[in-house]
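Residue numbers (the numbering used here), protein chains in the order written: chain A, 31 to 232; chain B, 31 to 232.
Number of protein chains: 2
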Amino acid sequence: MLESRKVFLVNAVLNYFSSLCPITSGFIQEIEKSVEPLLIKKNKYILSPIDNNDYVFFVVSGLVRGFIKDDNKEITTWISLGNEFIGAIQHPNENTQPSIEYLQALENSELVAIPHLLIDKLYASYQETNVIGRKILALQYHAASERAIIARIPSAERRYEKFLELNSFDVSRVPLRCIASYLGMRLETLSRIRSKLVRELV
Amino acid sequence: MLESRKVFLVNAVLNYFSSLCPITSGFIQEIEKSVEPLLIKKNKYILSPIDNNDYVFFVVSGLVRGFIKDDNKEITTWISLGNEFIGAIQHPNENTQPSIEYLQALENSELVAIPHLLIDKLYASYQETNVIGRKILALQYHAASERAIIARIPSAERRYEKFLELNSFDVSRVPLRCIASYLGMRLETLSRIRSKLVRELV
């Protein structure tokens, strides 16, 4: 990756932080020293259960999903189109363990990896980190709560309609098999629902 | 409620806060002045869509669930046995709106209601609130992520087994119809799975 692009990506994270709370020069220096800009090619894993769950990631561009394997089937647990923090599920009071979630780029994606160890250090040293952390966690908590609710809607058709309503992005970028497992339905069910909705629109 | 019990409940919240971060006397006074201890009788609503979503609640004792209504059916979205914060889903950057979730006591439950307005004031005035807030939100984010994952496991039997694994509490306190809708299965399916597991244990 070009050095100038690396600088751009790190600045994207810093801009995001400073939109949440003013940041100090010490905080900025720690970030610049310890985060890692990444370009992940389409379909490659960012994290898998062979890795320790040592980082959170800021997605600058691209398309990323989380998934688990159940009975060797891939179940999409979330989808991100960027400008937000993502990470594999991890209990805040437990030491780092291997991830149970896979993180995969569905398009070429630019991310910035931020080590949990750095975050802990920032929490201890720079007060603004606590403000930034709780604002990001409030967004993540809200998004996870929405994911938890949508999966429990009994009708497959209403689950898909809710998915369209909640996601203003161009959902055609997401492979149908990922949307189907995210919404807890078979691919054929999703295809049938999509055809029906198109027919109703005509 | 007896005055002494009210004091006990408010102290339970303060103890929880101080287990996360040392709290100052100004913070303690604001809490004592503005929170509201509540006793909610079994089956009564704590919050419903006719209410504005103005509070978060610390559950001291009892059993509380969140649910939504979909097509007039109640879908349980979470279950709490206490010693934690609960609330209806709300986007952190939006103004208070009517709740889309119902909060209901499934047993006589003791809670402490904390106004969002107070929390915003504490964030602005007492640094420790940001540490406490991000630690509570990290726990809530983790719990919501677990709820989002469990609902997407394709096999109903594995969903129920995962539910038992994640919840160390006595699940027999929770009505079966709540567990069934929480796990996205019909009551008959849940009963069949439970009978099968009992037979396998014999």
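All C-beta atoms, glycine included, are put in the ideal place defined by N, C-alpha and C.
Neighbours of B:Leu167 in chain A, taken as residues at a C-beta separation under 7 Å, are given in chain order as Arg164, Leu167, Ala168, Tyr171. A:Leu152 has its alpha-carbon roughly 8 Å from the corresponding atom of A:Glu60. Here B:Leu141 is bridged, per DSSP, to B:Leu68, B:Val89.
Separation of A:Leu231 and A:Gly214 (C-alpha to C-alpha, rounded to the nearest whole angstrom) is 24 Å. When Cβ-Cβ separations below 9 Å define contact, A:Arg95 makes no contact with chain B. At a cut-off of 9 Å, the C-beta of A:Arg203 has no neighbouring C-beta in chain B.
If you ignore the 5 residues before and after B:Pro122, its C-beta comes within less than 8 Å of no other C-beta in its own chain. Along the length of the segment 139-214 of chain A, whole alpha helix (DSSP H) runs at least 4 residues long occupy 146-155, 158-180, 186-196, 206-212, reported in chain order. Contact note: B:Asp100 reaches chain A through Arg182, Ile183, Pro184, Ser185, Arg188, using a C-beta cutoff of 9 Å and chain order. A:Gln127 has a beta carbon lying at 9 Å or more from every beta carbon in chain B. Counting C-beta atoms within 10 angstroms of its own C-beta, A:Glu131 has 16 or more neighbours from the protein chains shown and is therefore classed as buried. When Cβ-Cβ separations below 9 Å define contact, A:Lys103 makes contact with chain B. Between the segment 91-109 of chain A and the segment 152-168 of chain A there are fewer than three inter-stretch CB-CB distances shorter than 8 Å, so the stretches are not counted as touching. B:Asp100 has B:Lys103 as its beta-bridge partners, per DSSP. Interface with chain A (9 Å Cβ-Cβ cutoff): B:Arg222 is excluded. A Cβ-Cβ separation of about 12 Å leaves B:Ile109 out of contact with A:Arg182 under the 8 Å criterion.
Residue range 33-50 is occupied by the alpha helix (DSSP H) that includes B:Ala42. Around the beta carbon of B:Tyr75, fewer than 16 other beta carbons lie within 10 angstroms, which makes this residue exposed. Leaving aside the five residues that flank A:Ile149 on each side, the residues in its chain whose CB is nearer than 8 Å to its CB run, in chain order, Val86, Thr159, Gly163. Across the set B:Val228, B:Pro128, B:Gly112, the C-alpha of B:Pro128 shows the shortest separation from the C-alpha of B:Ala118. Not a single C-beta of chain A is nearer than 9 Å to the C-beta of B:Pro52. Contact between B:Gln170 and A:Tyr156 does not hold, since their C-beta atoms are separated by about 23 Å, which reaches or exceeds 8 Å.
Sorting B:Ser225, B:Leu44, B:Val65 by C-alpha distance to the C-alpha of B:Ser55 places B:Leu44 at the top.
Closer than 9 Å to the CB of A:Ala42 there is not a single CB belonging to chain B. The C-alpha of B:Lys36 is placed about 43 Å away from the C-alpha of B:Leu227. Annotation for B:Arg189: Ile180, Ala181, Ile183, Leu213, Gly214, Met215 place their beta carbon closer than 8 Å to its own, counting only its chain and skipping 5 residues before and after. For A:Val142, the closest of A:Glu191, A:Ala173, A:Thr107, A:Val90 by C-alpha to C-alpha distance is A:Val90. If you compare the alpha carbons of A:Ile223, A:Lys71, A:Phe57 with that of A:Val65, the shortest gap goes to A:Phe57. Secondary-structure assignment with DSSP links B:Gln134 through a beta bridge to B:Tyr75, B:Arg95. Under a criterion of Cβ atoms nearer than 8 Å, no residue of chain A is adjacent to B:Gln134; the nearest Cβ is some 16 Å distant. Contacts between B:Gly56 and chain A, judged by CB atoms closer than 8 Å, are missing: the closest CB pair is about 17 Å apart. In this structure, the beta-carbon distance from B:Ile116 to B:Leu136 does not fall below 9 Å. Distance from the CA atom of A:Arg229 to the CA atom of A:Glu191, rounded to whole angstroms, is 15 Å. With its beta carbon at least 9 Å from every one in chain A, B:His146 lies outside the interface. A:Glu124 sits in coil when the DSSP states are folded into three classes, being neither helix nor strand. When secondary structure is reduced to three states using DSSP, B:Ile223 falls in the helix class.
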